[in-house]
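J.:
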Amino acid sequence: MIVVTPRNGHLGEIAERTGMLNIEPGKEERLTESMQEFFTLADTIHLDVDLKLGGRDIADVAFMGPAGHHLERAALLASTASETSVQATAKFTLSVFTAP
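Set out below in structure tokens:
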């Protein structure tokens with residue numbers, strides 16, 4: 104099984120201006136602990152992906168995360184509409200689990 108989780112700094116270039124939530128400290132460790140009854144962590148891969156986002160993309164990315172439950176979509180679209188090209192980095196951890 105492969106589980107993808109965001110790492111510290113994920114979309115940091117746009118997080119503050121869009122109201123996105125920070126990544127909780129210890130997230131990866133809690134994931135491993137919660138899986139250990141049924142799976143063994145076989146590998147961890149850190150992946151950084153450079154993105155070039157326009158205003159609508161920024162709003163979509165911010166809205167699809169957990170902060171989306173607390174954001175007004177129309178207000179978010181309005182606040183990012185003038186953005187034409189913003190560089191951001193998606194930072195993930197891929198945790199590979201195997202059954203014992």
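Residue numbers (the numbering used here): 104 to 203.
Note that beta-carbon positions come from the ideal geometry of N, C-alpha and C, so glycine has one too.
Quantities reported herein were computed from a predicted structural model and do not represent experimental measurements.
Quick one: what's got a C-beta closer than 8 Å to Phe-142's C-beta in the same chain, skipping five residues either side?
T.: Taking the sequence shown and counting its residues from 1, one reaches residue 142 at position 39. Cβ neighbours of Phe-142 beyond the five flanking positions: Met-104, Phe-200, Thr-201, Ala-202, Pro-203.
J.: Taking Ile-161 as part of the alpha helix (DSSP H), name the residues at either end of that continuous run.
T.: For the purposes of this step, residue 161 is taken as residue 58 along the sequence shown, with counting starting at 1. Ile-161 -> alpha helix (DSSP H) spans 158-167.
J.: From the DSSP secondary-structure annotation, give me the bridge partner or partners of Pro-109.
T.: One-based indexing of the sequence shown puts residue 109 at position 6. BP columns for Pro-109 point to Phe-195.
J.: From the DSSP output, in three-state form, read off Thr-187 for me.
T.: Numbered from its first residue, the sequence shown carries residue 187 at position 84. Coil.
J.: Quick one: residues in its chain with C-beta nearer than 7 Å to the C-beta of Val-107, no 5 flanking neighbours on either side, listed in chain order?
T.: Residue mapping note: residue 107 aligns to position 4 of the sequence shown, counting from 1. Excluding sequence neighbours, Val-107 sits near Phe-195, Leu-197.
J.: Using a Cβ-Cβ cut-off of 6 Å (strictly less than) and excluding sequence neighbours within five positions of Ala-191, which residues of its own chain qualify?
T.: Reading the sequence shown from its first residue, position 88 is the one you call residue 191. Here the set comprises Leu-114, Glu-116, Ile-117, Leu-154, Leu-156.
J.: Within this structure, are the beta carbons of Ser-137 and Gly-158 separated by less than 9 Å?
T.: Position 34 of the sequence shown holds residue 137. Position 55 of the sequence shown holds residue 158. Cβ atoms of Ser-137 and Gly-158: not closer than 9 Å.
J.: When DSSP labels each residue in this structure, what does Ile-148 get in the three-state scheme?
T.: As a working mapping, residue 148 is identified with position 45 in the sequence shown. If DSSP states are grouped into helix, strand and coil, Ile-148 belongs with the strands.
J.: List in chain order: all unbroken alpha helix (DSSP H) runs of 4+ residues lying wholly within the stretch 109-136.
T.: As far as the stretch 109-136 is concerned, its whole alpha helix (DSSP H) runs of at least 4 residues are 115-121.
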